[in-house]
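2 protein chains.
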Amino acid sequence: MAGREQKKSGGGGKKKEVKKETGLGLSFTKDENFGEWYSEVVVNGEMIEYYDISGCYILRPWAISIWENMQTFFDAEIKKMKVKNCYFPLFVSPGVLQKEKDHVEGFAPESDLEVPIAIRPTSETVMYPYYSKWIRGHRDLPLKLNQWCNVVRWEFSHPTPFIRSREFLWQEGHTAFSTKEEADTEVLQILELYRRIYEEFLAIPVIKGRKSELEKFAGGLYTTSVEAFIPNTGRGIQGATSHCLGQNFAKMFEINFENEKGEKAMVWQNSWAYSTRTIGVMVMVHGDDKGLVLPPKVAAVQVIVIPVPYKDADTQGIFDACVATVATLTEAGILAEADLRDNYSPGWKYSDWEMKGVPLRIEIGPRDLANNQVRAVRRDNGAKTDISRVFLVEQVKGMLDKIQQNLFDVAKQKRDACVEVVKTWEEFVTALGQKKMILAPWCDEEDVEKDVKARTKGEMGAAKSLCTPFEQPELPEGTKCFASGKPAKKWTYWGRSY
Amino acid sequence: MAGREQKKSGGGGKKKEVKKETGLGLSFTKDENFGEWYSEVVVNGEMIEYYDISGCYILRPWAISIWENMQTFFDAEIKKMKVKNCYFPLFVSPGVLQKEKDHVEGFAPESDLEVPIAIRPTSETVMYPYYSKWIRGHRDLPLKLNQWCNVVRWEFSHPTPFIRSREFLWQEGHTAFSTKEEADTEVLQILELYRRIYEEFLAIPVIKGRKSELEKFAGGLYTTSVEAFIPNTGRGIQGATSHCLGQNFAKMFEINFENEKGEKAMVWQNSWAYSTRTIGVMVMVHGDDKGLVLPPKVAAVQVIVIPVPYKDADTQGIFDACVATVATLTEAGILAEADLRDNYSPGWKYSDWEMKGVPLRIEIGPRDLANNQVRAVRRDNGAKTDISRVFLVEQVKGMLDKIQQNLFDVAKQKRDACVEVVKTWEEFVTALGQKKMILAPWCDEEDVEKDVKARTKGEMGAAKSLCTPFEQPELPEGTKCFASGKPAKKWTYWGRSY
Chain A
180 MAGREQKKSG
190 GGGKKKEVKK
200 ETGLGLSFTK
210 DENFGEWYSE
220 VVVNGEMIEY
230 YDISGCYILR
240 PWAISIWENM
250 QTFFDAEIKK
260 MKVKNCYFPL
270 FVSPGVLQKE
280 KDHVEGFAPE
290 SDLEVPIAIR
300 PTSETVMYPY
310 YSKWIRGHRD
320 LPLKLNQWCN
330 VVRWEFSHPT
340 PFIRSREFLW
350 QEGHTAFSTK
360 EEADTEVLQI
370 LELYRRIYEE
380 FLAIPVIKGR
390 KSELEKFAGG
400 LYTTSVEAFI
410 PNTGRGIQGA
420 TSHCLGQNFA
430 KMFEINFENE
440 KGEKAMVWQN
450 SWAYSTRTIG
460 VMVMVHGDDK
470 GLVLPPKVAA
480 VQVIVIPVPY
490 KDADTQGIFD
500 ACVATVATLT
510 EAGILAEADL
520 RDNYSPGWKY
530 SDWEMKGVPL
540 RIEIGPRDLA
550 NNQVRAVRRD
560 NGAKTDISRV
570 FLVEQVKGML
580 DKIQQNLFDV
590 AKQKRDACVE
600 VVKTWEEFVT
610 ALGQKKMILA
620 PWCDEEDVEK
630 DVKARTKGEM
640 GAAKSLCTPF
650 EQPELPEGTK
660 CFASGKPAKK
670 WTYWGRSY
Chain B
180 MAGREQKKSG
190 GGGKKKEVKK
200 ETGLGLSFTK
210 DENFGEWYSE
220 VVVNGEMIEY
230 YDISGCYILR
240 PWAISIWENM
250 QTFFDAEIKK
260 MKVKNCYFPL
270 FVSPGVLQKE
280 KDHVEGFAPE
290 SDLEVPIAIR
300 PTSETVMYPY
310 YSKWIRGHRD
320 LPLKLNQWCN
330 VVRWEFSHPT
340 PFIRSREFLW
350 QEGHTAFSTK
360 EEADTEVLQI
370 LELYRRIYEE
380 FLAIPVIKGR
390 KSELEKFAGG
400 LYTTSVEAFI
410 PNTGRGIQGA
420 TSHCLGQNFA
430 KMFEINFENE
440 KGEKAMVWQN
450 SWAYSTRTIG
460 VMVMVHGDDK
470 GLVLPPKVAA
480 VQVIVIPVPY
490 KDADTQGIFD
500 ACVATVATLT
510 EAGILAEADL
520 RDNYSPGWKY
530 SDWEMKGVPL
540 RIEIGPRDLA
550 NNQVRAVRRD
560 NGAKTDISRV
570 FLVEQVKGML
580 DKIQQNLFDV
590 AKQKRDACVE
600 VVKTWEEFVT
610 ALGQKKMILA
620 PWCDEEDVEK
630 DVKARTKGEM
640 GAAKSLCTPF
650 EQPELPEGTK
660 CFASGKPAKK
670 WTYWGRSY
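Residue numbers (my numbering), protein chains in the order written: chain A, 180 to 677; chain B, 180 to 677.
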């Protein structure tokens, strides 16, 4: 049976059994064994189930509800920008895929799948032949399309749930403008939406910046991104990217239009995307040794209400109070549920919902019932508060806001503590060894970045540029590049990355 | 260039050119050449673009917005039923796919794609191994999951946009219960939602019924469906299906649970789906020789406002009135847009928006401006009404409701006119020749249905049972089967179908 096989092959499968049987927590800690901790927490938190094809994962409702929360926000925002949703085919004909060498490099699922036609790794080559057909005159511009879909990338050896999977879900926006100015403006509007997804929804601090020539999207003009950082592994992670493609694809696919003056011109294009990777970053940044920690803004259940009966107590009264509490909170638009299962102890339920990362737990026992209060326990810091049921809604709303803010503040504190400013190669190597996110003055030469990669190769993986932040510290006259000693042009973040 | 190739290979491509250049209407009529009319209207109406892989189509924003309107309704309804969304992988490992012979028959994309792993045609075999892992006790039931995704079915020769495509979008619900009663109940709850999508949103009358043993979902216990009918082709079309799988898959995948009595039991399962085919049925039923006709409830634009300036008239005043009218309607939650393009005549714009099927057109000319009124023209019947701008919102809302209702009434009238009740084989053959949807008394024997198919084979395609309607007319004692002469057990709909 695949289900059984999967448990052996599927890594996390076994560990899940443990939990099923005992309800106990994690067998690895975040600090001592981050990798094992991560794959255990996504499984035990019921976000992921390992699948019997390596690199493919089952996204369970607990994960999809988070995805849908971000999607609702982003889809509404891009619709305000007059972006329209569409759906292009999953399959790419090889002719089109071969159009552009740079672009195809790194994207070649068909070679592994041995299919005559390829499955989209991204849709530039799928869509743009039709852009050249649809766009005739300046009145056809701007053309702004987006699609929510699955894409497949087969080429890699060490898959990680959410972070690097062979199939994943994303949105990909593809827009065409008559002027570079319009394209440049949109690139940053979209990047700001990505920042908001990370900072306002997932409570994760990110750095907005521009990718180096070596790290930019193949075939594009320039790439901007939001970069997150995972302190435990000392690795940066590209959170989402907003690319200006310039006119490269327009040339390739002959996307021309007649401008106001009646002259033939070429369009300026952007493409931008964020994926289910966002969820993995959230787990890595906020999760702890008790399991997931979900920011209230994306949690499917914001408050879990648990009855704490005692043998001689009014059990029925306690259960009724739990149901009434859920009703009051739901009425107020708070996502609350009661766990009235009779076959588990309150303690078991506490760990169970802590594992799933529910932001706030409400306990109701005999004393609470007597005092017309509830006991609220925060998932993020364990703080316990007694709340009078008279002020239930205001208090719970306030706590959820505090949790959302606190998760961001703590994450930012930890991230900032990892940032190190260096000026020399020696400082750079030391900081890299300390798993830092390194801000260094750079001459901005491609060969120098290649050289940095070569000189830092090792089992941990080489260092590379993460991004050149839009917020640039002052660069004193005569500052030298940390790696080449040549005059520095800019401050750039460097480090190992996912 | 794929874009160019596509125009030659892709059928509809060329015709699109015609429109682009001239803005004229369709070159085929619905009655004289339905097939050509259909592929022309989906392209010229900008719902579909032909793609350079046969059987794959580009779903343009005009189509996706309709899909999203139905999705918003259905997703909210199933969430009320406590169904949770998830996402399972696109790829199926052959081991799992081979599990069940009956089921696999007809589903074998990998044979054509030559991939070592298959791409899901539907997800029973993808999901159920994990159901067997997740379901342990009666407290794990019911398990109700749904996913919105793409599926691929390669096996067929004559693809048709929306109706039969190699890749399409759908939702697939997969639920497991501890009792058959719960499963039976859900099958009908979901079928009712499908009826509402067709009748309340798409304004298409459907018949709820049960499929014959020959036509039911392979491997299931029984299949219910909503059946629509296309008068022009005289073909029935399966609108959506809600299957009770019984315990067949539970046996296959060992999906067992411990019931309240502590005994090992097997779950009862359902699966149910509707796809982008719904959009094709809508086009076929409501479209006319001027193009698409969209029901207001699914239209991305419900009202198009067009200025009708005259040389000596106050053009600016007219344009302002158009903008103001859109603002007023938008304010009231009506989806309205103004077509202020200066390079097209009002007449050209009329045909353009008629082609796209916008339910209501509002014209504003000098006379309207003078009389503080607008001219409203219905897409469904061409009726023109002058509306005082004082009562704009109420009147427009009322007209949109009337259009929605009228589309359904007219479609029902046409459908009903095609229904023929027959008692004998001779009557059956005659009615089939007249492209009827035939209601006939049947002995309900599989061999007899096979025999009917064999005896009606021909270039038009064989007749088969469409469904046994839940609303059964009285069946007089001693009524004989129209095909076998044996005692009839029920009234069943027959005909050719898609």
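Positions of the beta carbon are idealized from the N, C-alpha and C atoms, including for glycine.
Query raised in the report: Is the distance from the Cβ of isoleucine 513/B to the Cβ of cysteine 501/B below 9 angstroms?
Result: No. Outside cutoff.
Report task. Please look up how many angstroms separate the CB atoms of arginine 239/B and isoleucine 227/B, rounded, as I've assumed it's under 8 angstroms. Result -> Taking a contact as a CB-CB distance under 8 angstroms, the pair arginine 239/B and isoleucine 227/B counts as one, their CB atoms being some 7 angstroms apart.
Query raised in the report: Name the DSSP beta bridge partners of phenylalanine 356/A, please?
Result: According to DSSP, which records beta bridges pairwise, phenylalanine 356/A is partnered with Trp447/A.
Query raised in the report: Given a threshold of 16 other Cβ atoms within 10 Å of its Cβ, counted over all protein chains shown, does cysteine 660/B qualify as buried or as exposed?
Result: Cysteine 660/B is buried by the Cβ-count criterion.
Query raised in the report: Near glutamate 225/A, which residues of its chain fall below 6 angstroms by C-beta distance, leaving aside the five closest residues on each side in sequence?
Result: Residues Arg239, Trp241 of the same chain have their beta carbon placed closer than 6 angstroms to that of glutamate 225/A, with the five preceding and five following residues left out of the count.
Query - Rounded separation between phenylalanine 286/A and arginine 345/A - CA only - result: Because phenylalanine 286/A carries a pLDDT of 49, less than 50, the predicted location of this residue cannot be relied on, and the following value inherits that uncertainty. Those two C-alpha atoms are separated by around 12 angstroms.
Query raised in the report: Just by C-beta distance, which residues in the segment 256-273 of chain A are closer than 9 angstroms to chain B?
Result: Those would be Lys263, Asn264, Cys265, Tyr266, Phe267, Pro268, Leu269, Phe270, Val271, Ser272, in chain order.
**Report entry** Other residues of its chain near threonine 504/B: CB distance less than 8 angstroms, five sequence neighbours each side excluded
**Finding:** Same-chain partners within the cutoff: Val484, Ala515, Ala517, Ile541, Ile543, Val553, Arg568, Leu571.
Query raised in the report: So the beta strand (DSSP E) valine 553/A belongs to, where does it begin and stop?
Result: Per DSSP, the continuous beta strand (DSSP E) segment holding valine 553/A begins and ends at 552-557.
Query raised in the report: With contact counted as at least three CB pairs below 8 angstroms, one residue from each stretch, are the segment 414-423 of chain A and the segment 206-225 of chain A in contact?
Result: Contact fails: fewer than three Cβ-Cβ distances are below 8 angstroms.
Query raised in the report: In chain order, what residues of the segment 222-233 of chain B put their CB closer than 7 angstroms to some CB of chain A?
Result: With the criterion set as a beta carbon lying under 7 angstroms from some beta carbon of chain A, the members of the segment 222-233 of chain B are Glu228, Tyr230, Asp231, Ile232, in sequence order.
Query raised in the report: Three-state secondary structure (DSSP) at alanine 407/B?
Result: Looking at alanine 407/B - three-state DSSP - the assignment turns out to be strand.
Requested in this report: Specify whether the segment 473-484 of chain B and the segment 429-448 of chain B touch according to this definition: at least 3 beta carbon pairs, one from each stretch, less than 8 angstroms apart.
Outcome: The segment 473-484 of chain B is not in contact with the segment 429-448 of chain B.
**Report entry** Interface residues of the segment 542-553 of chain A facing chain B [CB-CB below 7 angstroms]
**Finding:** Of all residues in the segment 542-553 of chain A, none has a Cβ within less than 7 angstroms of some Cβ in chain B.
Report task. Quickly, what does DSSP pair cysteine 328/B with across the bridge? List them, please. Result -> In DSSP, cysteine 328/B forms a bridge with Trp349/B.
Query raised in the report: Do the CB positions of tryptophan 670/A and lysine 643/A come within less than 9 angstroms of each other?
Result: The Cβ-Cβ distance between tryptophan 670/A and lysine 643/A does not fall below 9 angstroms.
Requested in this report: Consult DSSP for alanine 452/A and reduce its assignment to one of helix, strand or coil.
Outcome: It is a strand residue.
Query raised in the report: Going by the CB atoms, is the gap between cysteine 265/A and isoleucine 237/B shorter than 9 angstroms?
Result: It is a contact, given that the beta carbons lie within the stated cut-off.
Query - Through-space distance from proline 384/B to arginine 374/B, alpha-carbon basis - result: Taking the straight line joining both Cα atoms gives about 8 angstroms.
Requested in this report: Return the chain-ordered list of same chain residues with a C-beta closer than 8 angstroms to the C-beta of isoleucine 434/B, the five sequence neighbours on each side being excluded.
Outcome: Excluding positions up to five away in sequence, the list reads Tyr307, Tyr310, Ser311, Ile314, Ala355, Phe428, Met445, Val446, Gln448.
Query raised in the report: Would you say the segment 348-365 of chain B touches the segment 449-456 of chain B, given that touching needs at least three Cβ pairs under 8 angstroms?
Result: Under the three-pair Cβ rule at 8 angstroms, the segment 348-365 of chain B counts as touching the segment 449-456 of chain B.
Requested in this report: Whole angstroms is fine: what's the gap from tyrosine 677/A's alpha carbon to leucine 519/A's?
Outcome: Their Cα atoms are separated by approximately 41 angstroms.
Query raised in the report: Closer than 9 angstroms, CB to CB, is isoleucine 243/B near chain E or not?
Result: Of the protein chains in the structure, A and B, none is chain E.
Query raised in the report: Taking the alpha-carbon positions, what's the phenylalanine 341/A to aspartate 531/B distance?
Result: Rounded to whole angstroms, phenylalanine 341/A and aspartate 531/B show a C-alpha spacing of 45 angstroms.
Query raised in the report: How would you write the range of the beta strand (DSSP E) that serine 218/B sits in, first residue to last?
Result: No beta strand (DSSP E) holds serine 218/B; the alpha helix (DSSP H) holding it covers 213-223.
Query raised in the report: Does the beta carbon of glutamate 510/A come closer than 9 angstroms to any beta carbon on chain B?
Result: No, glutamate 510/A does not count as interfacial toward chain B.
Query raised in the report: Would lysine 195/A be called buried (16 or more neighbouring beta carbons within 10 Å of its own) or exposed?
Result: Any reading at lysine 195/A is ruled out, since the residue's pLDDT is 37, under 50, leaving its predicted position unreliable.
Requested in this report: Residues of the segment 584-597 of chain A with a CB closer than 7 angstroms to any CB of chain B: list them in chain order, please.
Outcome: Within the segment 584-597 of chain A, not one residue has a Cβ closer than 7 angstroms to any Cβ of chain B.
Query raised in the report: Which residues mark the beginning and the end of the alpha helix (DSSP H) in which methionine 534/B is found?
Result: In the DSSP assignment, methionine 534/B falls within the alpha helix (DSSP H) that extends over 525-534.
Requested in this report: State the CB to CB distance for the pair leucine 205/A and glycine 470/A, rounded to an integer number of angstroms; the pair is presumed to be in contact (CB under 8 angstroms).
Outcome: Their Cβ separation, rounded to whole angstroms, is 7 angstroms, which keeps leucine 205/A and glycine 470/A in contact under 8 angstroms.
Query raised in the report: Near arginine 332/B, which residues of its chain fall below 6 angstroms by C-beta distance, leaving aside the five closest residues on each side in sequence?
Result: In the same chain as arginine 332/B, and ignoring 5 residues on each side of it, the C-beta atoms closer than 6 angstroms to its own belong to Pro300, in chain order.
Report task. Could you tell me whether any Cβ in chain A is nearer than 9 angstroms to the Cβ of glutamate 334/B? Result -> Interface flag for glutamate 334/B against chain A is unset, since no Cβ pair is found closer than 9 angstroms.
Query raised in the report: With a cut-off of 9 angstroms, does the C-beta of valine 331/A fall near any C-beta of chain B?
Result: Output row for valine 331/A: interface = yes.
Requested in this report: Quick one: give me the first and last residue of the beta strand (DSSP E) that leucine 539/A is part of.
Outcome: Where leucine 539/A is concerned, the enclosing beta strand (DSSP E) stretches over 539-543.
Report task. Can you tell me the Cβ-Cβ gap for glutamate 303/B and serine 450/B, rounded? I've got them flagged as a contact below 8 angstroms. Result -> Rounded to the nearest angstrom, the Cβ distance from glutamate 303/B to serine 450/B is 6 angstroms, consistent with a contact under 8 angstroms.
Report task. Please determine, among Ala255/B, Ser391/B, Gln495/B, Ile617/B, the residue with the shortest C-alpha to C-alpha distance to tyrosine 401/B. Result -> Per the C-alpha coordinates, the member of Ala255/B, Ser391/B, Gln495/B, Ile617/B positioned closest to tyrosine 401/B is Ser391/B.
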